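Undergrad: I am attaching a structure below and will ask some questions about it afterwards.
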């Protein structure tokens, strides 16, 4: 092991001098922000969705009434096809 190499390595880690930074005396302009077009569209869509109810009570009540009176009918093959289609859509 060379001992003189240790001194050279230790010199690399010593700070030789520091530079002081000067602050700019110019007053910066007031902060401002800009919202992108995508952000504006997102805000608009979010507000539109917030004004609508989560459940469409008129449709739910209509189906409930049709079930209660026995006039509600559905095609079981169509329901099965939709279930299979949605299952494979989520797997893809």
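In our numbering, the protein residues as written are 17 to 108.
Idealized CB from N, CA, C, for every residue including glycine.
Predicted, not measured: the structure shown is a model, and the values here were computed from it.
To the nearest angstrom, how far is it from the Cα of residue 104 to the Cα of residue 92?
TA: Cα to Cα, the separation comes out at about 19 Å.
Undergrad: So the alpha helix (DSSP H) residue 100 belongs to, where does it begin and stop?
TA: Here the alpha helix (DSSP H) through residue 100 covers 92 to 107.
Undergrad: Under the three-state reduction of DSSP, which class applies to residue 68: helix, strand or coil?
TA: In the structure shown, residue 68 sits in coil (DSSP, three-state: anything other than H, G, I, E or B).
Undergrad: For a test of the three-state rule: what should DSSP assign to residue 48, helix, strand or coil?
TA: It is coil, neither helix nor strand.
Undergrad: In the structure shown, what three-state DSSP assignment does residue 58 receive?
TA: In this structure, residue 58 counts as helix in the three-state DSSP scheme.
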